[in-house]
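In our numbering, the protein residues as written are -14 to 426. Glycine residues also receive a C-beta, built at the ideal position from the N, C-alpha and C atoms. Working notes for the structure below.
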């Protein structure tokens, strides 16, 4: 009752806009008296800015080289118009487009790092505080029951930090890197999702999702071998990534975004699939996770349906399956053959939404759920189910799992903002839960 009476005195003013910069406050007990309470220093972005500027310079050189190569191919095409020359011209054109995208991404990175650096040097504590509003004083005849109306809290000098202990500018990258690290990613309430095809927004112009995949020979070096971790409810396949830009050093390939290649750090295999379309899930699902610095991870869901044909990559995985709680090493195998899109290097039919990773490390992710499924043989699926005792394999268990509804799903475009308003609905390709297909309970 008293709270409602106090709220009557709150002035009716528009809410203050949030500041453009964020500050991190560190509590310091008064007993410490300055000992053991060092200020949190702002992140030094000098090295990252220099690296981004070097990448921008390299992108400019690459763009010039690709432009010169295209001009040379076009000159040859004028004198010799053959199918081979036409294909060479198309490849040169695609390389030039990729170079343009790489330069655009490099420029954005430099611009963002420059902005963060400027904020770190010029931001002043409490400089964007809202104006103080005078609080009316209760008179002697006030019978509202409110005896003590709080006085306005004095605001510190914009250049003075004496009123706040250990405050420093929190760089945006720190928020990205030190975000939610939860054991249960379902607490984020974002992924996996049940996609309603009838509500998905079809893009006016479809843009393919691009991959960079190379077949690694069985004689791969120890650094290129994969590690399999059996988490009892899913398998995690990890690759040891290096700073090299050579695709051969990325055993699980890479996902392209804005002209840049982002290596796949790990793949999670779920039986049955976690994502659903119109309530139906796939027999299994591979989730390719490609981290990005300062941005949500790229996550690609590859559904696998039950088929009589053996999946060649899964065959090499099944041979190396560890027991629950254990890990094992495996050769990379014919990774591009796990799905036709990885082999061809692109996928046109997919659903795009903003969500989160479904297993730790938990964080934001830009999801791409492929519409066309791959395949898994019955024997391979049974072998996976035997080593995953905690996986949901029945219809009842699948119904109990967390699955959420996305705010917006776009079909055929990586950009949610550029999606058209036209709606499409296609027939579902997914199968019933594997427990019902195989009679496994």
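Mind checking which residues open and close the alpha helix (DSSP H) that includes residue i?
| i | result |
| --- | --- |
| residue 34 | 31 to 64 |
| residue 322 | Note, residue 322: premise wrong, no alpha helix (DSSP H); not H, not E. |
| residue 301 | 297 to 303 |
| residue 368 | 363 to 371 |
Taking the continuous beta strand (DSSP E) assigned at residue i, which residues delimit it?
| i | result |
| --- | --- |
| residue 75 | No beta strand (DSSP E) holds residue 75; the alpha helix (DSSP H) holding it covers 68 to 107. |
| residue 195 | 194 to 197 |
| residue 270 | 269 to 277 |
| residue 217 | Note, residue 217: premise wrong, no beta strand (DSSP E); not H, not E. |
| residue 256 | That residue, residue 256, is in no beta strand (DSSP E); it is neither H nor E in DSSP. |
| residue 283 | 280 to 292 |
In angstroms, rounded to a whole number, what distance separates the CA positions of residue i and residue j?
| i | j | result |
| --- | --- | --- |
| residue -12 | residue 8 | 30 Å |
| residue 45 | residue 52 | 11 Å |
| residue 195 | residue 357 | 15 Å |
| residue 102 | residue 96 | 10 Å |
| residue 362 | residue 223 | 23 Å |
| residue 369 | residue 235 | 25 Å |
| residue 47 | residue 87 | 9 Å |
| residue 242 | residue -10 | 54 Å |
| residue 36 | residue 99 | 12 Å |
| residue 74 | residue 67 | 11 Å |
| residue 34 | residue 84 | 20 Å |
| residue 210 | residue 372 | 21 Å |
| residue 178 | residue 184 | 13 Å |
| residue 343 | residue 175 | 9 Å |
| residue 312 | residue 58 | 50 Å |
| residue 180 | residue 106 | 45 Å |
| residue 109 | residue 306 | 56 Å |
| residue 327 | residue 72 | 21 Å |
| residue 279 | residue 304 | 37 Å |
| residue 260 | residue 64 | 52 Å |
| residue 308 | residue 43 | 46 Å |
| residue 76 | residue 388 | 42 Å |
| residue 271 | residue 244 | 24 Å |
| residue 431 | residue 89 | An answer regarding residue 431 cannot be provided, because it is not within the stretch -14 to 426 covered by the chain. |
| residue 214 | residue 256 | 15 Å |
| residue 321 | residue 60 | 35 Å |
| residue 333 | residue 186 | 15 Å |
| residue 446 | residue 248 | The first residue shown for the chain is -14 and the last is 426, placing residue 446 beyond what the model contains. |
| residue 310 | residue 346 | 18 Å |
| residue 292 | residue 258 | 15 Å |
| residue 294 | residue 302 | 16 Å |
| residue 428 | residue 171 | The requested residue 428 is not part of the displayed model; the chain covers only -14 to 426. |
Which whole-angstrom value describes the C-beta separation of residue i and residue j, a residue pair presumed to lie in contact below a C-beta threshold of 8 Å?
| i | j | result |
| --- | --- | --- |
| residue 338 | residue 391 | 4 Å |
| residue 262 | residue 182 | 6 Å |
| residue 238 | residue 197 | 6 Å |
| residue 92 | residue 38 | Incorrect: roughly 10 Å between the Cβ atoms, too far for contact. |
| residue 360 | residue 296 | 6 Å |
| residue 314 | residue 217 | Between residue 217 and residue 314 the Cβ distance is about 19 Å, and since that is not below 8 Å, they are no contact. |
| residue 399 | residue 349 | Rounded, the Cβ-Cβ distance is 15 Å, inconsistent with contact. |
| residue 325 | residue 273 | Not confirmed; about 15 Å, so no contact. |
| residue 366 | residue 268 | 6 Å |
| residue 62 | residue 81 | Between residue 81 and residue 62 the Cβ distance is about 15 Å, and since that is not below 8 Å, they are no contact. |
| residue 188 | residue 395 | 6 Å |
| residue 331 | residue 193 | 4 Å |
| residue 352 | residue 323 | At roughly 18 Å, the Cβ-Cβ gap does not stay under 8 Å, so residue 352 and residue 323 are not in contact. |
Opposite residue i in the DSSP bridges: which residues?
| i | result |
| --- | --- |
| residue 248 | 239 |
| residue 341 | 349 |
| residue 357 | For residue 357, which the question treats as bridged, DSSP gives no partner whatsoever. |
| residue 395 | 186, 337 |
| residue 212 | 223, 314 |
| residue 331 | 195 |
| residue 265 | 262 |
| residue 179 | 261 |
Kindly indicate if chain C contains any beta-carbon less than 9 Å away from that of residue i.
| i | result |
| --- | --- |
| residue 193 | Given the protein chain composition of this structure (a single chain), no chain C is represented. |
- Item | Given 8 Å, three or more beta-carbon pairs between the stretch 281 to 295 and the stretch 252 to 268 | yes
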